[in-house]
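Below: one structure, written as structure tokens.
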Amino acid sequence: MAGFFGRLFSGFSELNEDTYEEIFETLVTGDTGVRTSDELVEKLREEAKANKIKTVKDLKDFLKKSMVSMLTLPEDAYDFEKERSVLFVIGVNGVGKTTTIGKLASQYHDQGKRVLIAAADTFRAAASDQLKVWADRAGVEMIGGKEGQDPSSVLFDAIGAAKARTVDVLMVDTAGRLHNKKNLMDELEKMNRLINSYYPMIRRENLVVLDGTTGQNALVQAKEFGQCARLTGAVLTKMDGTAKGGIAVALSKELGIPVKFIGVGEKIGDLKRFDPVSYVDRLFEE
Ligand SMILES: Nc1nc2c(ncn2[C@@H]2O[C@H](COP(=O)(O)OP(=O)(O)OP(=O)(O)O)[C@@H](O)[C@H]2O)c(=O)[nH]1
Ligand SMILES: [Mg+2]
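And the structure:
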């Protein structure tokens, strides 16, 4: 699948108002967000004014370089993997939280870590069973909850078990939907506080999971979930189903949330660490 921004270069002849407009529109349509797209085009104008853009290749290279610099991860992005940590995984229903936990659990288990999963989605009847399948596949332990049980009580038990078993990574799966949105947000906030009070010294990674095919909706969701916990990263899933990907730039630039993992399929091995250079290369593939 050619990258969404690859199309920009086929009819390119010179940089004029029309081309700037076309570049802006393509960036926005590719989910880069209006503000970020505007900034990218402004940078491009300056570069052109300084006579540094003479060929299509210059144009492409400049856009790519600008995007990569916007996507560059903080140096400590994966430090949580070096310490004992809690991964609090949140996001709307169906985005891939449970699947992502399964995939990550498998990677950490293969690295020799002791992993425990907390099935704190007690809203959906089959949620715990689905997670158990993943835990078994990954070869890790899980603390389950019963349907309708208070999710915070499952989490409380899991924290107790994580301490007792000196677990390296406790991964917390949560519901994507409760009776209504306020319920969900309140519940997640409560769980966030619970971790803070009962597991205060632990390294925290709060990951919002976003479906990469939902475009700007993902940005709205990230903003909302950022109100229940201080987000330290995002996982973009279902990237195997889209050529777009500007959303990663918008997340990083507009919300300051770095994308840390990319889901590229439904299988256990289909989760990669985010690599800005290869990501941008793919977006600009012609
Ligand atoms: N193609 C593709 N499918 C994915 C990816 N990640 C998850 N899925 C699929 O998306 C669907 C939903 O995934 P879940 O992990 O159940 O999503 P969830 O966020 O836990 O959903 P709820 O528990 O309902 O909130 C499943 O069919 C997964 O196989 C991905 O990276 N690529
Ligand atoms: Mg789930």
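The sequence shown begins at 25 in my numbering and counts up by one. Don't be surprised by glycine CBs; every beta carbon is placed ideally from N, CA and C. Model, not experiment: these values are computed from the prediction.
Legend entry - Gly-270 beta carbon less than 8 Å from that of Asp-55: yes
Legend entry - Alpha-carbon spacing of Ile-286 relative to Ser-302, whole angstroms: A direct Cα-to-Cα measurement between Ile-286 and Ser-302 gives close to 12 Å.
Inset, instruction - Just the C-alpha distance for Ile-167 and Ala-142, rounded to the nearest angstrom, thanks. - result: 5 Å
Legend entry - Distance CB(Phe-33)-CB(Thr-50) smaller than 8 Å: no
Inset, instruction - Let me know the secondary structure DSSP gives Leu-275 once reduced to three states. - result: Three-state result, Leu-275: helix.
Legend entry - Residue interval of the alpha helix (DSSP H) (run including Ile-286): Where Ile-286 is concerned, there is no enclosing alpha helix (DSSP H), although the beta strand (DSSP E) it sits in stretches over 283 to 287.
Legend entry - For Ile-183, three-class secondary structure by DSSP: In the structure shown, Ile-183 adopts helical secondary structure according to DSSP, grouped into three states.
Inset, instruction - Confirm the yes/no value for this check: CB of Met-306, any heavy atom of ligand 1, distance under 7 Å. - result: Sequence check: residue 306 is Arg here, not Met. No - ligand 1 has no heavy atom lying nearer than 7 Å to the Cβ of Arg-306.
Inset, instruction - Classify Gly-265 as helix, strand or coil using the three-state DSSP reduction. - result: Looking at Gly-265 - three-state DSSP - the assignment turns out to be helix.
Legend entry - Given Glu-173 as reference, the closest of Thr-198, Val-191, Gln-154 once Cα atoms are compared: Before going further, note that residue 173 is Gln rather than Glu in the sequence given. For the residues Thr-198, Val-191, Gln-154, the minimum Cα distance to Gln-173 belongs to Thr-198.
Inset, instruction - Below 6 Å CB to CB, which residues in the same chain sit around Gly-27 once its five sequence neighbours on both sides are set aside? - result: Ala-267, Arg-306, Leu-307, Phe-308, Glu-309
Legend entry - Beta-carbon proximity list for Asn-117, same chain, < 7 Å, skipping 5 on both sides: Gly-200, Arg-201
Inset, instruction - Could you tell me whether the region 246 to 265 touches the region 115 to 131, using the rule of 3 or more Cβ pairs below 8 Å? - result: These segments touch.
Legend entry - Three-state secondary structure assigned by DSSP to Thr-53: helix
Inset, instruction - May I have the straight-line CA-CA distance separating Val-233 from Leu-295, to the nearest angstrom? - result: The straight-line gap separating the alpha-carbon atoms of Val-233 and Leu-295 is approximately 12 Å.
Legend entry - Lys-296 - containing beta strand (DSSP E), residue span: 295 to 297
Legend entry - Beta carbon of Thr-60 nearer than 8 Å to that of Lys-277: yes
Inset, instruction - Check whether the Cβ of Thr-266 lies closer than 7 Å to any heavy atom of ligand 1, and answer yes or no. - result: False, no ligand heavy atom lies under 7 Å from that Cβ.
Inset, instruction - Say yes only if the C-beta of Lys-127 is nearer than 7 Å to one or more non-hydrogen atoms of ligand 2, and no if none qualify. - result: no
Legend entry - Arg-254 in three-state terms, based on DSSP: coil
Legend entry - Residue of Ala-188, Ser-176, Ala-72, Gly-265 minimising C-alpha distance to Leu-140: Ala-188
Legend entry - Integer Cβ distance of Arg-108 from Asp-192, believed to fall under 8 Å: Correct: roughly 5 Å between the Cβ atoms.
Legend entry - Where Arg-203 falls, given that 16 or more other Cβ within 10 Å makes a residue buried: Inspection of the sequence shows that residue 203 is occupied by His rather than by Arg. Counting every other CB atom within 10 Å of its CB across the protein chains shown gives His-203 a total below 16, marking it as exposed.
Inset, instruction - Work out the CA separation of Pro-98 and Lys-205 for me, nearest whole Å. - result: 31 Å
Inset, instruction - Run through the region 74 to 139 for me and flag every whole beta strand (DSSP E) of 3 or more residues, listed as ranges in chain order. - result: Runs found: 109 to 114.
Inset, instruction - Measure the beta-carbon distance from Ile-292 to Ser-152 and round it to whole angstroms, keeping in mind my assumption that it falls under 8 Å. - result: Contact between Ile-292 and Ser-152 does not hold, since the beta-carbon distance rounds to 19 Å and is not under 8 Å.
Inset, instruction - Out of Leu-231, Thr-238, Asp-235, point me to the one whose CA is closest to Cys-252's CA. - result: Leu-231
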